[in-house]
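One structure is given below, encoded as structure tokens.
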Amino acid sequence: MKTKLFKFSVIAILIGLFVNTNSVAQDNKAKDFKMLYKFTTTKQADNSRLLEVSFIARHKKNRKNKIPIFDAEINFYNITEGENILLGTAKTNKKGLATLTLSENQSYFTDKDGYINLKAVFEKTAAIKLYEKSISVKDLMLDLNLEEIDSVKTVILKAYTLDSLNTKIPITDAEVIFSIGGMISNMPIEQATIEDGRYEFEFPTNIPGNIDGNLDVFVSVEDHEEFGNVIQKKTINWGNFNKKITKKENTLWSDAAPIWMYIVLTVLLVGVWANYAYTIFNLFKMKKEGKILEENIENQI
Amino acid sequence: MDLENRKRELVKEFSPLLLKTSKWSKIWMIALITIILIGLYAFILQFFKGHIVTGMRDNVVWGVYIINFIFFVCLSYSGAFIGGVLHFFKTPWKNSVARIVEIITVLSLIIGPIFILLCIGRLDRLHYLFIYPRIQSPITWDIIAIITDLIGCFIYLYLTFIPDFAILRDNSENMPKWRQKIYKYLAINYQDTKSQRERLHKITRTMSTMIIALAIVAYSVLAWIFSLTLQPGWNSSIFAPYFIIAGLYSGAAVIIIAMYLIRKYFKLDHYIRKIHFIGAGVVLLIMSLLYGYFTFSEYFSRWFSHKTHDINLLETLFTRYFWKFILANYIGILIPIAILFFKKLRSIKTITIAAVIAVLGLWLNRYLIVVPTLETPYLPIQDTREEFIHYSATWVEWSLSFAGIAAFILFFMLIMKLVPIIPMSGIIDQEREQKRKSKKRKK
Amino acid sequence: MKNNKPEKETSNRRNFIKLGLISSVSIAAGSSLISNLTLGEETEATGEKVKLLTPDGKIVEVAADNINKYPEALITPEESRKGIPNRKFVMVIDLAKCKNARKCVESCQKAHNLDYNEEFMKVQLIQDNPEASPYWLPKPCFHCDEPPCVTVCPTGATFKREDNIVLVDNDRCIGCKFCITSCPYSARQFNWGHKDKFDDKSQPYSPETSIPAAEGTVMKCDFCPDLLRQGKLPHCAKSCPMGVIYFGDKNEDIVTNGDETVSFSQLIKDRGGYRHLEHLGTKPNVYYLPAVNRQFPLERGFNVDEDIIERYKDVPYVQNLKKQGKI
Numbered sequence: 001m002k003t004k005l006f007k008f009s010v011i012a013i014l015i016g017l018f019v020n021t022n023s024v025a026q027d028n029k030a031k032d033f034k035m036l037y038k039f040t041t042t043k044q045a046d047n048s049r050l051l052e053v054s055f056i057a058r059h060k061k062n063r064k065n066k067i068p069i070f071d072a073e074i075n076f077y078n079i080t081e082g083e084n085i086l087l088g089t090a091k092t093n094k095k096g097l098a099t100l101t102l103s104e105n106q107s108y109f110t111d112k113d114g115y116i117n118l119k120a121v122f123e124k125t126a127a128i129k130l131y132e133k134s135i136s137v138k139d140l141m142l143d144l145n146l147e148e149i150d151s152v153k154t155v156i157l158k159a160y161t162l163d164s165l166n167t168k169i170p171i172t173d174a175e176v177i178f179s180i181g182g183m184i185s186n187m188p189i190e191q192a193t194i195e196d197g198r199y200e201f202e203f204p205t206n207i208p209g210n211i212d213g214n215l216d217v218f219v220s221v222e223d224h225e226e227f228g229n230v231i232q233k234k235t236i237n238w239g240n241f242n243k244k245i246t247k248k249e250n251t252l253w254s255d256a257a258p259i260w261m262y263i264v265l266t267v268l269l270v271g272v273w274a275n276y277a278y279t280i281f282n283l284f285k286m287k288k289e290g291k292i293l294e295e296n297i298e299n300q301i
Numbered sequence: 001m002d003l004e005n006r007k008r009e010l011v012k013e014f015s016p017l018l019l020k021t022s023k024w025s026k027i028w029m030i031a032l033i034t035i036i037l038i039g040l041y042a043f044i045l046q047f048f049k050g051h052i053v054t055g056m057r058d059n060v061v062w063g064v065y066i067i068n069f070i071f072f073v074c075l076s077y078s079g080a081f082i083g084g085v086l087h088f089f090k091t092p093w094k095n096s097v098a099r100i101v102e103i104i105t106v107l108s109l110i111i112g113p114i115f116i117l118l119c120i121g122r123l124d125r126l127h128y129l130f131i132y133p134r135i136q137s138p139i140t141w142d143i144i145a146i147i148t149d150l151i152g153c154f155i156y157l158y159l160t161f162i163p164d165f166a167i168l169r170d171n172s173e174n175m176p177k178w179r180q181k182i183y184k185y186l187a188i189n190y191q192d193t194k195s196q197r198e199r200l201h202k203i204t205r206t207m208s209t210m211i212i213a214l215a216i217v218a219y220s221v222l223a224w225i226f227s228l229t230l231q232p233g234w235n236s237s238i239f240a241p242y243f244i245i246a247g248l249y250s251g252a253a254v255i256i257i258a259m260y261l262i263r264k265y266f267k268l269d270h271y272i273r274k275i276h277f278i279g280a281g282v283v284l285l286i287m288s289l290l291y292g293y294f295t296f297s298e299y300f301s302r303w304f305s306h307k308t309h310d311i312n313l314l315e316t317l318f319t320r321y322f323w324k325f326i327l328a329n330y331i332g333i334l335i336p337i338a339i340l341f342f343k344k345l346r347s348i349k350t351i352t353i354a355a356v357i358a359v360l361g362l363w364l365n366r367y368l369i370v371v372p373t374l375e376t377p378y379l380p381i382q383d384t385r386e387e388f389i390h391y392s393a394t395w396v397e398w399s400l401s402f403a404g405i406a407a408f409i410l411f412f413m414l415i416m417k418l419v420p421i422i423p424m425s426g427i428i429d430q431e432r433e434q435k436r437k438s439k440k441r442k443k
Numbered sequence: 001m002k003n004n005k006p007e008k009e010t011s012n013r014r015n016f017i018k019l020g021l022i023s024s025v026s027i028a029a030g031s032s033l034i035s036n037l038t039l040g041e042e043t044e045a046t047g048e049k050v051k052l053l054t055p056d057g058k059i060v061e062v063a064a065d066n067i068n069k070y071p072e073a074l075i076t077p078e079e080s081r082k083g084i085p086n087r088k089f090v091m092v093i094d095l096a097k098c099k100n101a102r103k104c105v106e107s108c109q110k111a112h113n114l115d116y117n118e119e120f121m122k123v124q125l126i127q128d129n130p131e132a133s134p135y136w137l138p139k140p141c142f143h144c145d146e147p148p149c150v151t152v153c154p155t156g157a158t159f160k161r162e163d164n165i166v167l168v169d170n171d172r173c174i175g176c177k178f179c180i181t182s183c184p185y186s187a188r189q190f191n192w193g194h195k196d197k198f199d200d201k202s203q204p205y206s207p208e209t210s211i212p213a214a215e216g217t218v219m220k221c222d223f224c225p226d227l228l229r230q231g232k233l234p235h236c237a238k239s240c241p242m243g244v245i246y247f248g249d250k251n252e253d254i255v256t257n258g259d260e261t262v263s264f265s266q267l268i269k270d271r272g273g274y275r276h277l278e279h280l281g282t283k284p285n286v287y288y289l290p291a292v293n294r295q296f297p298l299e300r301g302f303n304v305d306e307d308i309i310e311r312y313k314d315v316p317y318v319q320n321l322k323k324q325g326k327i
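Set out below in structure tokens:
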């Protein structure tokens, strides 16, 4: 009985393993993942609008296992009065991001409150169901002006939206960040909340900018419920870059050595090798002399 | 003629040295060739497997090869220096040892750079040193100095060989044909006429002064490879004079050992006499005193001012390298001084023992200069692998070191078969001088 | 006989229950064994391959795009001698935040195809004096302005560029190791023997990527110029979870650690930034912010492998901890 029991348990383990391998393979199918679908919009500095969808699958059990969904077709729509106007289509890249850039001339249909209603739809496939998200944004205008008032460099921001009659409505209660453009990322210099559509502050004097003194001033609104992301940029020559670009030549670590090294080396080497040449020259003379002597002796004999 | 007879006598006296090889010599040569072959095998292993077969790792990147390189090159420079001085000042008893000194000079300058080549990671790119040289680098200076010095010493050695080749050419009827041809070719028609002799003496004299200057400059350049860096233990202002003195010390010691061996095994007691040993011993004594003085200055100032990194270095020297330090810097200095200082203790045997101790001590001194500094860098080595923390040489490095020494001895023996080790023309010159002096005295 | 039957029945039942229990336990054990093994493998994709989910529900592995856009963005060894124009790169390391997470070390090793013990970025434990508290010191190559390594190279295989970066050209290095002895910060390493990864021809060689390395040549941290040309941070700065490593351009005076972007000169002035072994006159381009107001206690940093803790056995603090039996 004992051996029978033992045999049976071994078989049971083996069956369990085989059964489980299949279930593990199924663990990696689409249905074991929860899809994270995010839709954002950014109005960029050149007034174009960027629509971006992030479509990533996260494993239900192992939350650290995130796999981007690749080559999924996302349709972007502008919704108006029950009608969906297709703005464009984009496919997700290897990072799971689908982006569509609409130029500033793109006209949008707004609803009665002035909001542009956008929707991004992923049509359902055999393996993944339909995903869609809508956002409503108002078109925010950021007028960034850099002026020198009374020889003080000032940054003046006017933020407003346009209503149906194209009148400017200054916005209240929006957080903006002013930053300076940098090579890898932008450096924030001022953070503010806009009260009645206007903000101004003194530009700091210790920013070098690039080597010509030019710098980019960015103003950005991030993740606002009414406006989404909005960025505006202006370039100006307010950098106080004053380091002279001197190329240090003829140092120990440059390609060309200090001049005195060349001189000393040449003098020493010329001196020594001239001596060698003199010695060898004399040896040849000696050889010639000896040869003549030998010939003389032979002739005499 | 009297001169011609004398020359013939000398050739008769020295030709057994040139022509016959005793049984012991043959055995000795076979042993040396075996050691060289083992070294060759080690080299091939290193060439194909990479430097991982050595004991060098990321912190101690310079090991036994560089130590041997410095040691052999210092022998060469000190040989050049001593040879140049002997010739320039026309010291009376210089003749017997002059050739030994010069041959040591040239041979060690050939063997030394071979060790440096062993230390280079990519031998297939060696020509880059000549295509893309950077003259700010002490290694470039060293290459220029070694090549220049090698050619100079070679020319100088050849100049001293010429009169002997002439004598051998004229009196070589009993020698095999190939020897006669060689001597004729290498003697470049030197007929020992007055004008030729004068010319030869003139250029030999200028070369000897040049060699002295070159030796000092070239060995300082080698010392600067170490002292121009920032490392604790290397960045010392007296490194160049220290190396020169240490070089002279080891050179004098090796010359004594060579004199002893040649005197013993080739039965040249008549030519290499006690006075030579005493003279060389005095040189050794002076050098050992100077060497002890410089070594003491180096370590004393580091110990006294106790900078952190200097103290770390000294701690390594006195814990891990304690016995090596004692042997190199105490025994290696004090015993030779003790032996040579007292006239009673000076005999040929004891002077040679002092020289052997000096050579060993100096090799260890080189080891203590190169390796401990690399084991105590500014930022602590925080590693777990023992071979990355401490250096220990592998059999590849040791076998190549011994192969280098064996090659040195072998080439020395082969050159002794070409030209007599005691310059015959020097003997004739000496006798001529003595005759002239006695004539003067008679007048 | 009658007595045996009910006994036999009960024993049969017992056996059946035993069987059932054993089989269920073994199935459960087997499945958990398998799931542990495989779930553990479901980690991030390697640098070469990425796992992607297609719209029809299949998980595929494709070759990831090279983050530095090689081989199209190849900079040859001759081109790499000129730097990125008008930049002067500088790094700031905040010792107050470092807790020896070693993500910088690992991401650099992965990006440059290094073995476990080869580290361009080393993390050392430094205790300045017996009273001081030790601190973790991430130490890349400092790319000095007056580099002793460049001075002593006999063939010009290592060179200093206009943008402050010091690179090694593996095609020209002859392996004399003079630069390794000459660096006071022990920042350089040597490739002692042949390794298979040297034969990897998938990417053309550039001193800016340091891939593939070559036997018998020198290698070191290169500040990842291939990423800088894409406007991205070097691997170490990007992967530090605490934001310890700031990197940027001294000319525009901005450094960033991925989250914060600050003015370089202001950061150094406010936090008392210094350079290591300043008195040696090498003028390094990596600045350190002193380890004051630490974010983490030092013990957090000992949460690493045993052999890594072994490295620090000479630090008095570690010896104390060992005596107290805490590690």
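Protein sequence lines, in the order shown, are assigned to chains A, B and C.
Using our numbering, read the first sequence as starting at 1 and increasing by one per residue.
Using our numbering, read the second sequence as starting at 1 and increasing by one per residue.
Using our numbering, read the third sequence as starting at 1 and increasing by one per residue.
Just so you know, even glycine gets a beta-carbon here, dropped at the ideal spot from N, CA and C.
All figures in this text were calculated on a predicted structure; none of them were measured in a lab.
Short-range partners of chain C found in the stretch 247-279 of chain A, where Cβ spacing is below 8 Å: Within the stretch 247-279 of chain A, the residues whose Cβ lies closer than 8 Å to any Cβ of chain C are, in chain order, Lys247, Thr251, Leu252, Trp253, Ser254, Asp255.
Proximity test, Cβ basis, 8 Å: Val396/B and chain C: Not an interface residue.
Asn329/B, DSSP secondary structure in three states: Residue state for Asn329/B is assigned as helix, using DSSP reduced to three classes.
Proximity test, Cβ basis, 8 Å: Gly47/C and chain A: Confidence in Gly47/C is poor, its pLDDT being 47 and thus under 50, which makes the residue's placement unreliable; the coordinate value appears in the next sentence. It does not; no Cβ of chain A falls within 8 Å.
Beta carbon proximity, Leu230/B to chain F, threshold 8 Å: In summary, chain F is missing from the structure at hand, where the protein chains are A, B and C.
Contact with chain C by Ala57/A, beta-carbon distance below 8 Å: It does: the Cβ of Ala57/A has a partner Cβ on chain C nearer than 8 Å.
Buried/exposed call for Ala132/C, threshold 16 Cβ in 10 Å: When all chains shown are included, Ala132/C counts as exposed.
Simplified DSSP state of Arg6/B, which is helix, strand or coil: Annotated three-state conformation of Arg6/B is helix, per DSSP.
Reduced DSSP secondary structure (H/G/I, E/B, other) of Leu228/B: Coil at Leu228/B, not helix or strand.
Among Leu137/C, Asn68/C, Asn86/C, nearest to Cys98/C - alpha-carbon criterion: Taking Cys98/C as reference, the option from Leu137/C, Asn68/C, Asn86/C with the minimal CA-CA separation is Leu137/C.
Thr154/A beta carbon less than 8 Å from that of Glu200/A: For the pair Glu200/A and Thr154/A, the CB atoms are nearer than the 8 Å cut-off.
Residues within the stretch 262-282 of chain B neighbouring chain C, beta-carbon criterion of under 9 Å: Only those residues of the stretch 262-282 of chain B whose C-beta falls short of 9 Å from the nearest C-beta of chain C would be listed, and there are none.
Residue burial classification, Tyr219/B (beta-carbon count within 10 angstroms, cutoff 16): By the neighbour-count rule (16 or more Cβ atoms within 10 Å), Tyr219/B is buried.
For Leu144/A, the first and last residue of its enclosing beta strand (DSSP E): 140-149 is the extent of the beta strand (DSSP E) around Leu144/A.
Simplified DSSP assignment, three categories, for Lys349/C: Nothing can be reported for residue 349/C: it is not among the residues displayed for chain C, which extend from 1 to 327.
Between the CA atoms of Lys168/A and Gln106/A - distance to the nearest angstrom: Answer to the nearest angstrom: the Cα atoms are 20 Å apart.
CB contact below 8 Å: Tyr190/B versus chain A: Answer yes: the Cβ-Cβ gap between Tyr190/B and chain A drops below 8 Å somewhere.
Exposed unless 16 or more other CB atoms sit within 10 angstroms - verdict on Gly228/A: In the assembly as shown, Gly228/A is a buried residue. Its beta-carbon has 16 or more other beta-carbons within 10 Å.
Beta-carbon proximity of Ile212/B to Gly84/B, cut-off 8 Å: Using a Cβ distance threshold of 8 Å, Ile212/B and Gly84/B count as a contacting pair.
Chain-ordered chain A contacts of Ile93/C [CB-CB under 8 Å]: Think of a sphere of 8 Å around the beta carbon of Ile93/C: no beta carbon from chain A falls inside it, the nearest being about 16 Å out.
Cross-chain neighbours of Glu79/C in chain A, by beta carbon under 9 Å: Residues of chain A passing the Cβ test: none, with the nearest at roughly 15 Å.
Per-residue burial, Phe281/A [other beta carbons within 10 Å of its own, 16 or more giving buried]: Exposed, by the Cβ-count rule.
Own chain partners of Thr38/C with C-beta closer than 6 Å, once the 5 adjacent residues on each side are dropped: Residue placement at Thr38/C is flagged as unreliable, the pLDDT there being 41, under the threshold of 50; a coordinate-derived value is accordingly withheld.
Nearest-angstrom beta carbon gap, Val218/C and Val168/C [assumed within contact, 8 Å]: About 5 Å; that satisfies the 8 Å criterion.
Beta-bridge pairing of Lys302/A - partner residues as DSSP gives them: Nothing about residue 302/A can be read from this structure; chain A reaches only from 1 to 301.
The stretch 300-324 of chain C: positions lying closer than 9 Å to chain B by Cβ: Taking 9 Å as the upper bound on Cβ-Cβ separation, chain B lies near residues Asp307, Ile308, Glu310, Arg311, Tyr312, Lys313, Asp314, Val315 of the stretch 300-324 of chain C.
Sheet register partners of Leu167/C (DSSP bridge): Per DSSP, Phe159/C.
Cβ pair Phe241/A, Val217/A closer than 8 Å: By the CB criterion at 8 Å, Phe241/A and Val217/A fall outside the cutoff.
Between the CA atoms of Lys243/A and Leu368/B - distance to the nearest angstrom: Rounded to the nearest angstrom, the two C-alpha atoms are 47 Å apart.
Nearest to Lys233/A (by Cα), restricted to the options Gly290/A, Lys43/A, Ala30/A, Thr99/A: A check of alpha carbon separations from Lys233/A across Gly290/A, Lys43/A, Ala30/A, Thr99/A identifies Lys43/A as the nearest.
Residues bridged to Thr167/A [DSSP beta-bridge criterion]: In DSSP, Thr167/A forms no bridge with anything.
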